[in-house]
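A short write-up of the structure that comes next.
Protein chains: 2
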Amino acid sequence: MTVWDRPEPPTRPVPLDRERIVAAAIALADEGGLEAVSLRKVAARLDAGPMRLYGYISTKEELFDLMVDEVHAEILPEEQLGDWREVLRILAQRTRQAALRHEWLADLLGGRPTLGPNGLAVTEAKLAALDGLADLDTVMRAVETVSAYFTGAIRREIANLRAERATGLSKRDWQRASGPHVRRMLATGRFPALAKAVHDGTEVDAEASFATGLDWVLDAVAAKLARPPA
Amino acid sequence: MTVWDRPEPPTRPVPLDRERIVAAAIALADEGGLEAVSLRKVAARLDAGPMRLYGYISTKEELFDLMVDEVHAEILPEEQLGDWREVLRILAQRTRQAALRHEWLADLLGGRPTLGPNGLAVTEAKLAALDGLADLDTVMRAVETVSAYFTGAIRREIANLRAERATGLSKRDWQRASGPHVRRMLATGRFPALAKAVHDGTEVDAEASFATGLDWVLDAVAAKLARPPA
DNA sequence: CTCATGGCGATACACTGTATTTAATCATTA
DNA sequence: TAATGATTAAATACAGTGTATCGCCATGAG
């Protein structure tokens with residue numbers, strides 16, 4: 001028995017913490033989507049048995065919550081922002097950018113209340129930006145309306161992106177309804193307005209379209225802030 | 001061997017079709033949420049083996065698509081609607097009502113393009129309502145902005161509803177942050193605006209809040225329709 | 001050195017979506 | 001009518017999942 005034959009000393013278990021677990025889960029999700037995140041795989045990436053994770057999280061859902069909160073740390077900008085409109089716009093756009101980096105975020109966005117420290121910090125930033133500009137009800141409605149918009153818009157954008165990717169169609173072809181199923185549907189003549197839209201539609205830039213819709217919603221909010229409800 | 005001992009003649013397999021399968025899946029989801037929908041359980045409800053379903057659907061995701069499209073049939077109203085604003089408002093509200101009847105819809109909404117016949121019919125109705133009121137780009141932006149809003153708003157409403165249900169807290173208590181975790185967070189003093197909002201906030205009616213935000217967004221759309229972009 | 005304790009890995013269970021293989025039934029032809 | 005071929009359902013199988021439970025082993029205290 002030479003040194004080389006001697007078995008390695010039993011590797012002391014690497015100390016774990018939520019941060020490392022969440023980081024591993026996010027890495028997995030970035031690579032293979034949410035469905036690629038299994039407790040076994042997360043644990044394996046940390047050289048641990050699956051059951052070890054239960055010392056730090058109590059369920060897989062909880063892990064998802066932690067992942068979402070972690071991404072909210074990326075969303076919150078470091079530097080101070082300007083007026084309420086800039087705050088809401090930047091936060092919306094940073095959320096979108098985060099979802100483009102972590103597509104799985106689109107699957108989770110809006111799926112449950114974000115009560116982690118970073119999620120709360122983002123909410124705090126929004127509320128603080130509007131503080132005093134109107135009565136609390138109006139402020140809440142403003143924040144929630146803008147959030148609802150960008151949640152929905154981001155989800156749709158990612159959904160379309162995946163559909164294009166899956167069918168291998170370019171965005172232009174997709175909008176032209178080259179998919180056989182959609183083409184057949186349009187050919188029935190039951191959807192004239194849609195058919196016209198598909199036929200005449202020009203290529204749309206997802207980012208610009210997101211920004212435009214966001215501006216509209218912000219315009220609406222601005223109008224209500226100026227004239228709070230009776 | 002008497003008559004009673006004689007085994008029942010082998011029950012002819014009940015003919016299946018997508019409709020029955022989708023109906024069974026929806027029933028399961030209505031009772032126990034999306035996670036209660038398994039191909040085995042759907043099949044069992046139809047007195048069939050799991051593999052039989054694969055003659056009618058090719059994957060579970062596809063079943064989900066069919067379920068969403070089926071609900072869109074409920075969303076589309078029978079009677080003719082009025083002007084564009086009423087069309088968009090009613091469709092948004094009917095989507096919300098459908099999600100309250102079928103909470104699992106919130107999990108799927110916006111998750112992938114809705115290309116089934118009923119989903120397309122709903123889109124057609126929206127586009128038709130705005131047809132000719134502005135250039136195609138503006139019309140598309142209008143439809144997508146309103147859809148993004150109500151998708152996000154519905155998801156949040158259902159998410160909050162589930163959170164209340166899970167914690168057993170009334171909406172009021174929830175908003176008062178009776179949850180020990182949130183209470184602790186607010187006590188840190190790092191979220192003053194949020195703390196104030198939670199403290200001063202009055203009970204909100206989800207339906208009214210949805211309607212208000214929707215009206216704001218529709219106001220924004222109206223402004224853009226009046227003045228199409230240069 | 002001995003013993004207790006607590007964390008960790010291994011094992012186990014019920015279940016999932018789906019591929020494949022086998023059995024049964026039906027239609028068709030001789 | 002008998003036999004054969006084609007279609008359809010069922011059974012089995014597989015790899016994987018979240019999570020409960022159990023038993024071991026290393027570390028700390030006495």
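Going line by line, the protein sequences match chains A and B.
For what it's worth, full-length UniProt numbering labels the leading residue of the first sequence as 1, then goes sequentially.
For what it's worth, full-length UniProt numbering labels the leading residue of the second sequence as 1, then goes sequentially.
Even for Gly, the Cβ is constructed at its ideal location relative to N, Cα and C.
Small disclaimer: the values here were computed from a predicted structure and weren't measured.
- Within chain B, no C-beta atom comes nearer than 9 Å to that of LEU76(A); the closest sits roughly 12 Å away.
- Residue contact check for PHE64(A) against chain B: no CB pair falls below 8 Å.
- When ASN118(B), TRP216(B), ARG85(B) are compared, the shortest CA-CA separation from LEU130(B) is found for ARG85(B).
- Between ALA134(B) and LEU225(B), the beta carbon gap of about 5 Å places them in contact (Cβ cut-off 8 Å).
- THR151(B) is the residue among ALA48(B), ASN160(B), GLY189(B), THR151(B) whose C-alpha sits nearest the C-alpha of ALA98(B).
- Chain-order list of chain A residues neighbouring THR123(B): LEU194, by C-beta distance under 7 Å.
- Only residues of its own chain outside the window of five on either side were considered, and among them PRO77, LEU81 have a CB closer than 8 Å to the CB of ILE90(A), listed in chain order.
- Against chain B, the CB of ASN160(A) has a partner CB under 8 Å away; the residue lies at that interface.
- Going by C-alpha positions, LEU46(A) is about 11 Å away from LEU39(A).
- GLU74(B) and SER209(B) have their C-alpha atoms some 23 Å from each other.
- Using a Cβ distance threshold of 8 Å, ALA159(A) and PRO117(B) do not count as a contacting pair.
- The continuous alpha helix (DSSP H) containing GLN93(A) extends over residues 84 to 101.
- Annotated three-state conformation of ALA25(A) is helix, per DSSP.
- In this structure GLU144(B) is buried. Its beta-carbon is surrounded by 16 or more other beta-carbon atoms within 10 angstroms.
- For THR138(A), the enclosing alpha helix (DSSP H) covers residues 136 to 167.
- Against chain A, a Cβ distance below 8 Å from LYS224(B) picks out TRP216.
- Around the beta-carbon of GLY33(A), fewer than 16 other beta-carbon atoms lie within 10 Å, marking it exposed.
- Here GLU157(A) has ALA206, PHE210 as same chain residues with Cβ atoms under 7 Å from its own Cβ, once five neighbours each way along the sequence are excluded.
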